[in-house]
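A.B. asks: Numbering of the sequence shown is given in this note's numbering, commencing with residue 787 and proceeding in unit increments. So that we are looking at the same thing, I have put the structure below in C-alpha cells.
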Amino acid sequence: MSSLKMQIMETIAALMMAAFGLIAALAWNEAIKTLIAQYFAAGDALMGLFIYAIIVTVIAIIAGLLIARSLAKLKAMEAPKSK
C-alpha cells in the first residue's frame, strides 16, 4: 500500500476513534451529571457543577497519563525494531 493511502487510512481510523470517543464522553457526561443531581438539591446546583467539573478533570488527567504512558511504552518497543 502506498504511503499516501496508508496516511489516509490512518487518518480515517483516527477520526472514527475520535467520533466514538466523543460519543462515549457525552454518555459519561450525562451519567455523571445525573449521579451528582441525585445527591444535591436543586438549590445546590452550583456546588454540583463544581463537583462535576472536578470529577471530570481528575478523570481526564488520569486518562491522559495512562495514554501517554502506554504510548511511550509502544514507542520504546518500536525503537529497536526500526534500527
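For glycine and all other residues, C-beta sits at the position ideal for the given N, C-alpha and C.
#1: So, with DSSP's three-state summary, where would you put Ser789?
#2: Helix, strand or coil, according to DSSP, for Phe826 in the structure here?
#3: Only counting the same chain, and skipping five residues up and downstream in sequence, which positions put a Cβ closer than 7 Å to that of Leu821?
#4: Assuming Ile818 and Val842 form a contact by the criterion Cβ under 8 Å, report the distance between their Cβ atoms to the nearest whole angstrom.
C.D. replies: According to the data block:
#1: Stepping through the sequence shown from its first residue, residue 789 is reached at position 3. Three-state DSSP puts Ser789 in a helix.
#2: Looking up residue 826 in the sequence shown gives position 40. Coil, per DSSP.
#3: Stepping through the sequence shown from its first residue, residue 821 is reached at position 35. So no residue of the chain qualifies.
#4: Indexing the sequence shown from 1 puts residue 818 at position 32. Indexing the sequence shown from 1 puts residue 842 at position 56. At roughly 7 Å, the Cβ-Cβ gap stays under 8 Å, so Ile818 and Val842 are in contact.
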